[in-house]
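K.L.:
For the sequence shown, the UniProt record's numbering begins at 1 and goes up steadily by one.
Quick reminder that beta carbons are idealized off the backbone N, C-alpha and C, glycines included.
Model, not experiment: these values are computed from the prediction.
Pasting in a structure now, in structure tokens, and then I'll have a few things to ask.
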Amino acid sequence: MNWKNTELKIKDFINNKLFNGMVIKITKDNQEIYFNNFGYSNIEKKLKLKKDNIFALYSMTKPITAAACLLLIQRGLLSLEDQINKFYPNFNQEIKIKHLLNMTSGLTYFWNNSESGKEIKHAFDKVENENISLQDFCEIVSNAEVISKPGEEWHYGISLDVISGIIEKVAKQNFSEFLQDNIFEPLNMKDTGFYVKDLTRKTEVYEFAKTMQGNKLTLNKNFHFLMPFTNKEPHACLGGSGLFSTANDYTRFLNFLIDGKISDIQFIEEELLNEMRKDQLNDKKATFRWTFNKDYSYGYGVRVRLKNEHTPLTEIGEFGWDGALGSAGLVDPKNKITMTFLSSSYPGNNKIVQTELFDAVYKDLRELKIIN
1 MNWKNTELKI KDFINNKLFN GMVIKITKDN QEIYFNNFGY SNIEKKLKLK
51 KDNIFALYSM TKPITAAACL LLIQRGLLSL EDQINKFYPN FNQEIKIKHL
101 LNMTSGLTYF WNNSESGKEI KHAFDKVENE NISLQDFCEI VSNAEVISKP
151 GEEWHYGISL DVISGIIEKV AKQNFSEFLQ DNIFEPLNMK DTGFYVKDLT
201 RKTEVYEFAK TMQGNKLTLN KNFHFLMPFT NKEPHACLGG SGLFSTANDY
251 TRFLNFLIDG KISDIQFIEE ELLNEMRKDQ LNDKKATFRW TFNKDYSYGY
301 GVRVRLKNEH TPLTEIGEFG WDGALGSAGL VDPKNKITMT FLSSSYPGNN
351 KIVQTELFDA VYKDLRELKI IN
């Protein structure tokens, strides 16, 4: 099959120096229909990027953490209505598990220039510089004031990081071990973890900048923002940003989100899975500002497409999330399509990926008559 629109767009990304290299995998009915690698892991050494390269997922970790939380809810160990101050007493007493999952907790990230943001930055600095534990991280951020009443407004922030700490407490094991036992091992995600499992396949990070001479990519071999980029697991395995993975592994997870089954066993109940990928903001959709298309709202850890009126035209019900280095995941339950796009440039030009690349992929899907 000739994926002309997709390949032309990705080559355009590389020629315009938006990315050093990338891997893209597309499946239908859990079967590979397109898998390709482009560009370089190291431009200077002309080291080609390979299909099994390991990438930092950053916020593409969030849907995995949301799914892990749903597993505990399914087992009766957590409830959407649980107040989180029963796990960490200093948190605002109005914040519930459901507010963490749909990002209406009132907790933000450290780029918010408020006292709350400063407290959160202090916690992340300790993760990066002192290698504190996930429990220590959650205790510190529990002192941060909410910037809006819980349940009222959507704010992108540390909500899924806090969920990972709660999972540790409830499951009585490290968050990384819980994911290994309950998601990675059942799905055969052998290359996924909170550290680089094979340094020979580590993808270098290139810093992207616009200059008077045009776009520029600069290798940063010491890039380690929030994550170790080594073969040693940190003490704080952050559920909002900490995972490394490959295209094959992440695709296995995305396909799992279509029906919640592993080897024909219903691993996550469809009812819970539907809660993850439906609009959880309702009349508060106007507060959802982390999107490049007005047709989207937010579920549990994922964007959710409610209409298909604005380009790029994908499919109603499509959902997924992206990461700081440009990577993006997409699940289309109606057509049983998944797409994993992994890249390693900072900042990640996410808007371009989720408009121009998504558009190109869906043009190919329709022109090749894979979908209507």
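What runs of the beta strand (DSSP E), each 3 residues or longer, lie entirely inside the region 310 to 370?
P.N.:
Correct list: 328 to 332 and 337 to 343.
K.L.:
Quick one: measure Cβ to Cβ for Ala360 and Asn5, integer angstroms, because I've assumed they're closer than 8 Å.
P.N.:
The pair is a contact, with the Cβ atoms about 4 Å apart (cut-off 8 Å).
K.L.:
Return helix, strand or coil for Thr200, following the three-state DSSP convention.
P.N.:
Thr200 falls in the helix class under three-state DSSP.
K.L.:
For Ala286, count neighbouring C-beta atoms within 10 Å of its own C-beta (all shown protein chains included) and say buried if the count is 16 or more, exposed if not.
P.N.:
Classification for Ala286: exposed.
K.L.:
By Cβ distance, which residues of its chain are closer than 8 Å to Phe225, with the 5 residues on each side in sequence left out?
P.N.:
Hits under 8 Å: Glu128, Ala324 and Tyr346.
K.L.:
Can you tell me where the alpha helix (DSSP H) holding Tyr250 begins and where it ends?
P.N.:
It spans Ala247 to Asp259 - the alpha helix (DSSP H) in which Tyr250 sits, taken as one unbroken run.
K.L.:
Taking the alpha-carbon positions, what's the Gln93 to Gly165 distance?
P.N.:
Each residue's Cα considered, the two are about 17 Å apart.
K.L.:
When the Cα atoms are used, what is the spatial distance from Phe292 to Gln354?
P.N.:
Cα to Cα, Phe292 sits roughly 7 Å from Gln354.
K.L.:
Taking one C-beta from the region 201 to 216 and one from the region 49 to 64 each time, how about it: are there three or more such pairs within less than 8 Å?
P.N.:
They touch, by the three-pair rule.
K.L.:
Would you grab the beta carbon distance between Ile95 and Ile84 for me? Rounded to a whole angstrom, and I think it's under 8 Å.
P.N.:
Indeed, because the Cβ distance is near 5 Å, the residues count as touching under 8 Å.
K.L.:
What are the boundary residues of the alpha helix (DSSP H) that Gly39 is part of?
P.N.:
Gly39 -> not in any alpha helix (DSSP H); beta strand (DSSP E) instead, spanning Gln31 to Asn42.
K.L.:
Return helix, strand or coil for Ala56, following the three-state DSSP convention.
P.N.:
Strand, per DSSP.
K.L.:
Could you check whether Asn220 and residue 373 sit closer than 8 Å to each other, using their CB atoms as the reference points?
P.N.:
The chain is shown from 1 up to 372; residue 373 falls before or after that span and cannot be answered.
K.L.:
Can you have a look at residue 373 and say buried or exposed, based on whether 16 or more other CB atoms are within 10 angstroms of its CB?
P.N.:
The structure shown does not extend to residue 373, since the chain is modelled only from 1 through 372, so no value can be given for it.
K.L.:
DSSP has Ala66 in a bridge; who is on the other side?
P.N.:
Ala66 pairs with nothing; no bridge assigned.
K.L.:
Hey, could you find the ends of the alpha helix (DSSP H) Leu8 is sitting in?
P.N.:
Counting along the chain, the alpha helix (DSSP H) containing Leu8 begins and ends at Lys4 to Asn15.
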